[in-house]
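J.: One structure follows; several queries about it will come next.
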Amino acid sequence: MKTEAGDSVVGYGILKDYKTKEEWFKTRRENFTEHAWKTVLILGRLVKFQNPIPVKELQLDQRLKGKCLHGLKIDQFLVDKILGLSR
């Protein structure tokens with residue numbers, strides 16, 4: 182998310198379940214064709230950080246900006262770093 186400090190991590194969600202596009206349409210009539218998604222992620226708990234963490238503080242590849250971070254696979258080291266910076 183864009184904040185005064187630039188692109189920032191503003192929180193996280195706990196994955197509760199996921200559905201394929203076909204499974205989603207069997208149980209719901211809500212459409213998500215606005216985007217070319219193949220899977221619906223169902224989040225349980227959402228946590229918003231009190232202070233957003235600027236992406237530049239995470240020391241990621243400098244080529245990764247904004248929308249390139251959406252869906253970025255992260256390892257336990259980065260999870261621990263983000264949670265540590267959020268305190």
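So the sequence shown is numbered by the numbering used here: it starts at 182 and just counts up by one. Note that beta-carbon positions come from the ideal geometry of N, C-alpha and C, so glycine has one too.
For Gly187, list the residues DSSP reports as bridge partners.
T.: Looking up residue 187 in the sequence shown gives position 6. According to DSSP, which records beta bridges pairwise, Gly187 is partnered with Thr184.
J.: Can you give me the start and stop residues for the beta strand (DSSP E) that Val221 sits inside?
T.: In the sequence shown, residue 221 corresponds to position 40, counting from 1. Thr220 to Pro235 is the span of the beta strand (DSSP E), which, as asked, contains Val221.
J.: Do Lys262 and Leu239 have their CB atoms nearer than 8 Å?
T.: Counting from one through the sequence shown, the residue named residue 262 turns up at place 81. Counting from one through the sequence shown, the residue named residue 239 turns up at place 58. Against a cut-off of 8 Å, the Cβ pair of Leu239 and Lys262 comes out as a contact.
J.: Suppose the cutoff is 6 Å on Cβ atoms and the five residues either side in sequence are ignored; what does the same chain contact list for Gly194 look like?
T.: Numbered from 1 along the sequence shown, position 13 holds the residue referred to as residue 194. Here the set comprises Leu224 and Leu227.
J.: For Phe206 and Ser267, which I take to be in contact (beta-carbon distance under 8 Å), what is that distance rounded to the nearest angstrom?
T.: Locating residue 206 in the sequence shown gives position 25, counting from the first residue. Locating residue 267 in the sequence shown gives position 86, counting from the first residue. Not confirmed; about 36 Å, so no contact.
J.: Can you say whether Ile234 is buried or exposed, counting buried as having 16 or more other CB atoms within 10 angstroms of its CB?
T.: Walking along the sequence shown from the start, residue 234 turns up at place 53. Taking a 10 Å sphere around the C-beta of Ile234, we find 16 or more other C-beta atoms and assign the residue as buried.
J.: Tell me which same chain residues have a C-beta within less than 7 Å of the C-beta of Lys273, skipping the five on either side of it?
T.: Here the chain covers residues 182 to 268 and nothing more, so residue 273 does not appear.
J.: Return the CA-CA distance between Lys202 and Val221, expressed in angstroms with no decimal places.
T.: Working through the sequence shown from its first residue, we reach residue 202 at position 21. Working through the sequence shown from its first residue, we reach residue 221 at position 40. Computed Cα separation, rounded: 7 Å.
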